[in-house]
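Asker: Letter 780 of the sequence shown, counting from 1, is numbered 780 in full-length UniProt numbering, and no numbers are missing. Structure provided below as structure tokens; questions to follow.
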Amino acid sequence: MKNLSSAEIRQMFLDFFQSKGHTIEPSASLIPVNDPTLLWVNSGVATLKKYFDGSVIPKNPRITNAQKCIRTNDIENVGRTARHQTFFEMLGNFSVGDYFKKEVIPWALEFLTGEEWLDMDIDKLYITTYPKDTETQKLWQEAGVDPSHIYKVEDNFWDIGEGPCGPDSEIFFDRGQSFNNLSEDDPESYPGGENERYLEVWNIVFSELNHLPSGKYVEQPHKNIDTGMGLERLVSVIQGTKTNFETDLFKPIIDQVEKLSDGRKYDTSDADDISFKIIADHVRTVSFAVGDGALPSNEGRGYVIRRLIRRAVLNGKKLGIDGPFLYKLVPIVGSIMESYYPEVSQQQEFIAKSIQQEEKRFSDTLNDGLELLNGVIEDLHKKNEKVIDGESAFKLYDTYGFPLELTVEYAHDENLNVDEDGFKENMELQRERARKARGDLQSMGMQDETLMEIKTDSEFVGYDQDEVTATLKDIIVNDEIVDTATSVTGKAQLIFDKTPFYAEMGGQVADIGNIYDQNNNQVAEVLDVQHAPNGQNIHLVNVVSELDVNQKYVLKIDTDFREKVRHNHTATHLLDQALRDVVGPRTHQAGSLVEPGYLRFDFNSNEGLTDGQISQLEKIVNEKIWASIPVVTEVLPIEEAKKKKGAIAMFSEKYGDVVRVVEVDDYSTEFCGGTHARNTSELGLFKITSESAVGSGIRRIDAVTGEEAFEYLNDNLKLLETSATNMKVNQLKEVPNRAAQLVDEIKQLKRDNQNLKVQLTAQKSNEVFDNVEDINGLKIIATVIAADDMSTLRQLADKWKSENSSDILVLGAGSDGKANLVVAVGKDAQAKGLKAGDLIKQISSEIKGGGGGRPDMAQAGGKDPAGLTKALQKAKDIIKNS
1 MKNLSSAEIR
11 QMFLDFFQSK
21 GHTIEPSASL
31 IPVNDPTLLW
41 VNSGVATLKK
51 YFDGSVIPKN
61 PRITNAQKCI
71 RTNDIENVGR
81 TARHQTFFEM
91 LGNFSVGDYF
101 KKEVIPWALE
111 FLTGEEWLDM
121 DIDKLYITTY
131 PKDTETQKLW
141 QEAGVDPSHI
151 YKVEDNFWDI
161 GEGPCGPDSE
171 IFFDRGQSFN
181 NLSEDDPESY
191 PGGENERYLE
201 VWNIVFSELN
211 HLPSGKYVEQ
221 PHKNIDTGMG
231 LERLVSVIQG
241 TKTNFETDLF
251 KPIIDQVEKL
261 SDGRKYDTSD
271 ADDISFKIIA
281 DHVRTVSFAV
291 GDGALPSNEG
301 RGYVIRRLIR
311 RAVLNGKKLG
321 IDGPFLYKLV
331 PIVGSIMESY
341 YPEVSQQQEF
351 IAKSIQQEEK
361 RFSDTLNDGL
371 ELLNGVIEDL
381 HKKNEKVIDG
391 ESAFKLYDTY
401 GFPLELTVEY
411 AHDENLNVDE
421 DGFKENMELQ
431 RERARKARGD
441 LQSMGMQDET
451 LMEIKTDSEF
461 VGYDQDEVTA
471 TLKDIIVNDE
481 IVDTATSVTG
491 KAQLIFDKTP
501 FYAEMGGQVA
511 DIGNIYDQNN
521 NQVAEVLDVQ
531 HAPNGQNIHL
541 VNVVSELDVN
551 QKYVLKIDTD
561 FREKVRHNHT
571 ATHLLDQALR
581 DVVGPRTHQA
591 GSLVEPGYLR
601 FDFNSNEGLT
611 DGQISQLEKI
621 VNEKIWASIP
631 VVTEVLPIEE
641 AKKKKGAIAM
651 FSEKYGDVVR
661 VVEVDDYSTE
671 FCGGTHARNT
681 SELGLFKITS
691 ESAVGSGIRR
701 IDAVTGEEAF
711 EYLNDNLKLL
721 ETSATNMKVN
731 QLKEVPNRAA
741 QLVDEIKQLK
751 RDNQNLKVQL
761 TAQKSNEVFD
771 NVEDINGLKI
781 IATVIAADDM
791 STLRQLADKW
801 KSENSSDILV
811 LGAGSDGKAN
821 LVVAVGKDAQ
831 AKGLKAGDLI
841 KQISSEIKGG
851 GGGRPDMAQA
861 GGKDPAGLTK
871 ALQKAKDIIK
881 NS
């Protein structure tokens, strides 16, 4: 077996399958595009679904890739096992209806054992197959695998529910008994068992069936091959390491962590090795995730990043590393992966800064979490209880980023246990909520054989023409090809040899319009246009009159609809560049929608735009409109477009060898297949109507142009005029000053009202402070008063403190279904162990609420005013028994 680096192995895999006629597909972003079923790209096939479900036919049915992936469903295992990672690379070769078992099985063996390639010993390879898949078993034997090395395992069937599925075959490498964590005669010590000796390196899925919603399995019209080989595992085998973490993909990171620690050394036999592994894994994940545009936040992908950073920081503390350190490891991650993923090194400064900011932010949260944990432990000791409940443990995990094992460690130090089953229940409830939020989404659609088989040539001519005479080539009704459609048919799908109708793509909505016969009679209304699997524009129509294949028809788009869409599309290009100018060069598009009535533009940012930035964006775009700049389109080879034009690729698009470039002077140059204004002056006017957050690290701008922009401004002007009339000002320019005056007047009225409350409170204090009880040698004032809010109770507590009216004050007030409590404790009472914060926590349950505070002052709110009397009595009982 050859001695190779991880970079050499990755490239060798791609070179091998390129030599077998495969096209190398570049690794896609970790952030899925148009796939709501996934939070992250989590497999090599995830970005190729459109080919496998038949919605798009690839130019080459043979594809190979090295795809970066993230999986966090079993994060707790990272560091504790030899192979679990949250970030990993999946090497794959794929056949979309081309080759099948008899080709892929010999190829797999050739790559693994061929002298030109990995040169593994074939006697160390073991194969698992689906028991009923005798063809695969025979092909492995014919390729040269010893029959005794071929196992039949029921689990070798890949099925994720509805959609493509089929038997699979896994390849295992025997690393020898010295690597095993089990005895040789253990029942699990076999290829496919839970052991460390036989390591799975490759899985080949023979996607030959469709799993129907009814539960039935039927043959797929096109059989596919989908394989996955984990690079980290393969490198571990080639480099002969005990775990993935000693390979050249991780070891340089671990070496640097050793230097940052307080003298700890990485040793797989030592408990500290878990922390080293967690840090090395998590810094790879967050470096790539941030580089692909995801930023730390409280939801979605941002929450995953935040959690990983916090988990790494906590494990850094275990190694004696205080303060931010994770960001210092980003350059090492970049250098390890640079040969195939230069983006980390290219964005090193931004990635490191983003991680460092999150580390600093966590230092405050960490202290809050420790305070909560210490409070829980203190309460348990007082109650003489021994178990931290699952809800508290989960809150520490979910809100403050404490891994369960860290809470368990703290608990053990205090001779306490943790309700781990309760923690898991809370975890499952959260996962269930997340599943419901995603909805019932299908991971991969089933192939539409009818559309996949249509190979008709169809040309889009709508860049230059709004109306054409074209021949109807195909009619599809209820997924069947027919020769005629009538008004009785209702909906139908049509393909013409040419069309002016734009098919929805790149955020631009499809054209609408009508189809006429040669006598100018309407025969169909075009409702929508999409791309068929083989690329044709397929028109969804409502049939008005008879349509026949091979007949000529006149296709007319709704030109008013198209004009407005064109203007808004050009505005998105201007806005895209303006955002880079105003917010920063790393700002990029994260999605768009171009409708005739408005445009929507999503971009990556954790911070909202200021009013000044919004005004600046509007100014830049409008200046380009008023400058009457020609909008020029040009078709160029993609590499020429990148080099000569410096064109920017728009979000979510895949580009062929030849691309269409849209230029607005030297200001904006982008790849784009959409329709655009001929001159920026056609847009007339640009106005941003809203800016908001729509997800983790993603902001959204809604804007309008032309007539809609005028109407928006005019409507707002009318509102301003109405406000001026109501404020009794003569000129619109006086409205802001008058509004400020009214705000000041309201503030003064509120202050006057508060002063009156203070005077009433002073009067109340005389009767409240006269009612003193003696309990256990302490003077106690405990009473319920009439008060609307907490501020009155706090004012009385401040007055009590200045007058030294008693040792302890407990006040309650309730109104409108709300209850408030204030507890104040003097120094003498504190000396006897009584603290306001402790008292308030114990009595607030009576009002169905909670609270806290300092030893001398604390407050609580609740939902049950009827419980105030019980709360006061409970406070007296606690004081009495103290």
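All residues carry an ideal CB built from backbone N, CA and C; glycine is no exception.
If we ignore side chains and look at the alpha-carbon of each, how far apart do GLY861 and ARG700 end up?
Answerer: Put simply, the backbone Cα of GLY861 is about 37 Å away from that of ARG700.
Asker: Which runs of the alpha helix (DSSP H) spanning at least 4 residues fall entirely within the segment 289-335, listed in chain order?
Answerer: 300-318
Asker: In chain order, which alpha helix (DSSP H) runs of at least 4 residues are fully inside the segment 548-601?
Answerer: 559-582
Asker: In terms of residues, what are the limits of the alpha helix (DSSP H) holding VAL344?
Answerer: 343-346
Asker: Looking only at its own chain, which residues have a Cβ that is under 7 Å from the Cβ of ASN730, when we skip the five neighbours before and after it?
Answerer: So the list is empty, once near-sequence residues are dropped.
Asker: VAL290: buried (16+ other C-beta within 10 angstroms of its C-beta) or exposed?
Answerer: buried
Asker: Considering only C-alpha positions, which residue in the set VAL661, ILE238, SER615, ALA740 is nearest to ILE9?
Answerer: ILE238
Asker: For GLN589, count the other beta carbons within 10 Å of its own beta carbon; 16 or more makes it buried, fewer makes it exposed. Which is it?
Answerer: buried
Asker: Would you kindly report the start and end of the unbroken alpha helix (DSSP H) that includes TYR400?
Answerer: Its alpha helix (DSSP H) spans residues 390-400.
Asker: Taking the straight line between their C-alpha atoms, what separation do you get for LYS733 and ASP752?
Answerer: Their backbone Cα atoms lie some 30 Å apart in a straight line.
Asker: Alpha carbon to alpha carbon, what distance is there between ILE638 and LYS552?
Answerer: For LYS552 and ILE638, the distance between alpha carbons rounds to 36 Å.
Asker: Classify HIS84 as helix, strand or coil using the three-state DSSP reduction.
Answerer: coil
Asker: Inspect the beta-carbon positions of VAL823 and LEU834 and report whether they are closer than 7 Å.
Answerer: no
Asker: Taking DSSP as the reference, what is the three-state secondary structure of ASP226?
Answerer: strand
Asker: DSSP has residue 900 in a bridge; who is on the other side?
Answerer: Only positions 1 to 882 of the chain appear in the structure, and residue 900 is not among them; the question remains open.
Asker: Can the beta-carbon of SER29 be found less than 7 Å from the beta-carbon of ASP457?
Answerer: no
Asker: Report all residues from its chain with a CB closer than 7 Å to the CB of THR869; omit the five preceding and five following residues, and keep chain order.
Answerer: Annotation for THR869: VAL784 place their beta carbon closer than 7 Å to its own, counting only its chain and skipping 5 residues before and after.
Asker: Determine the closest residue to GLY144 out of ASP174, GLU154, LEU472, ILE127, with distance taken between C-alpha atoms.
Answerer: ILE127
Asker: Across which residues does DSSP place MET505 in a beta bridge pair?
Answerer: MET505 is bridged to GLN508.
Asker: Does DSSP put TRP40 in a helix, a strand or coil?
Answerer: coil
Asker: If THR64 sits next to PHE17, beta carbons under 8 Å apart, how far is it from one beta carbon to the other, in whole angstroms?
Answerer: 4 Å
Asker: Going by the beta-carbon positions, is the gap between ASP226 and PHE94 smaller than 7 Å?
Answerer: yes
Asker: Considering only their Cβ atoms, is the gap separating VAL594 from GLN530 smaller than 7 Å?
Answerer: no
Asker: Report the CB separation of ASP602 from GLY591 in whole angstroms; it is logged as a contact under 8 Å.
Answerer: 4 Å
Asker: Out of LEU314, VAL631, GLN859, GLY240, which one is the CA nearest neighbour of PHE276?
Answerer: Nearest C-alpha to PHE276 among LEU314, VAL631, GLN859, GLY240: LEU314.
Asker: Can you look up PHE173 in the DSSP assignment and give me helix, strand or coil?
Answerer: strand
Asker: Can you have a look at SER487 and say buried or exposed, based on whether 16 or more other CB atoms are within 10 angstroms of its CB?
Answerer: exposed
Asker: Between the Cα of THR669 and those of LYS382, LEU574, SER261, spot the shortest distance and give me the residue it belongs to.
Answerer: For THR669, the nearest C-alpha among the options comes from LEU574.
Asker: What is the rounded straight-line gap between the Cα of GLN348 and the Cα of PRO331?
Answerer: The C-alpha of PRO331 is placed about 6 Å away from the C-alpha of GLN348.
Asker: Per DSSP, what kind of secondary structure is PRO354 in: helix, strand or coil?
Answerer: The amino acid at residue 354 is misidentified as Pro; the sequence shows Ser. Helix at SER354.
Asker: Which runs of the alpha helix (DSSP H) at least 4 residues long sit entirely within the segment 100-154? Give them in chain order.
Answerer: 101-113, 134-143
Asker: What does the alpha-carbon distance come out to for the pair GLU708 and THR680?
Answerer: 16 Å
Asker: Please confirm if ASN521 has its CB atom under 7 Å from at least one CB of chain B.
Answerer: Judged by its chain identifiers, the structure shown contains no chain B, having just a single protein chain.
Asker: Would you check if there are 3 or more beta carbon pairs closer than 8 Å linking the segment 205-212 to the segment 157-172?
Answerer: yes
Asker: For the ligand FAD, I want to know if ASP770 counts as a neighbour, meaning its beta carbon is within less than 6 Å of at least one of the ligand's heavy atoms.
Answerer: The model on display carries no ligand, and the ligand FAD is accordingly not part of it.
Asker: Label LEU872 either buried or exposed according to how many other C-beta atoms from any shown protein chain fall within 10 Å of its C-beta, with 16 as the threshold for buried.
Answerer: buried
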